[in-house]
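The structure appears right after this line, and notes come after that.
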Amino acid sequence: GYAPEAVMVEATHLPEPPDPRNRADSGGPTSDLFRQYLREIGRIPLLTAAEEVELARRVEAGLFAEERLAGTPDLDSRLAVDLDRLVVMGRTAKRRLIEANLRLVVSVAKRYVGRGLTMLDLVQEGNLGLIRAVEKFDYARGYKFSTYAT
Numbered sequence: 010g011y012a013p014e015a016v017m018v019e020a021t022h023l024p025e026p027p028d029p030r031n032r033a034d035s036g037g038p039t040s041d042l043f044r045q046y047l048r049e050i051g052r053i054p055l056l057t058a059a060e061e062v063e064l065a066r067r068v069e070a071g072l073f074a075e076e077r078l079a080g081t082p083d084l085d086s087r088l089a090v091d092l093d094r095l096v097v098m099g100r101t102a103k104r105r106l107i108e109a110n111l112r113l114v115v116s117v118a119k120r121y122v123g124r125g126l127t128m129l130d131l132v133q134e135g136n137l138g139l140i141r142a143v144e145k146f147d148y149a150r151g152y153k154f155s156t157y158a159t
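In the numbering used here, the protein residues as written are 10 to 159.
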């Protein structure tokens, strides 16, 4: 049989905005951390349209493989290994798509500053939305991811 635990992937570090509960609106340590976050995400290379499509295909294949593994308990072991590989590749592609679009979240968040939420809160919510958008993005429709995500 197949053990779903075998699919678990070590999560690599995604840059995270500083915790808004530690906020010091006077521009203290939190604003320094936020500037560092902005520097970190600024170093992540942007994707070409072709890279976006390829990564989105891998994400889709990984999600399909995950469903297949979960829904078919008596899979052939070679097929299970291949599906495991697709799941890992899908998760890696998902992380890359997310990381490459963290700047998009910041640029959208800037438009909403001053409407009751801090920049940190907006970026945090935006990052959650970005994760959902990566999971639901349909590359076959021909749109750029940034068009879909905003």
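We treat Cβ as the ideally placed atom computed from N, Cα and C, and that holds for glycine.
Since we're looking at a predicted model, the values are computed, not measured.
- L139 places its beta carbon less than 7 Å from that of N110.
- Pairwise C-beta distances place the stretch 138-154 in contact with the stretch 54-71, as three or more of them are shorter than 8 Å.
- Here DSSP, grouped into helix, strand and coil, assigns V96 to helix.
- The Cβ-Cβ distance between V132 and A118 falls below 7 Å.
- Look at I140 here: in three-state DSSP terms it is helix.
- Linking A74 to P82 through their CA atoms gives a straight-line distance of about 13 Å.
- Taking T101 as reference, the option from T127, S116, L64 and G123 with the minimal CA-CA separation is L64.
- T39 and Q45 have their alpha carbons spaced roughly 10 Å apart.
- In this structure, L113 lies near S155, with their beta-carbon atoms less than 7 Å apart.
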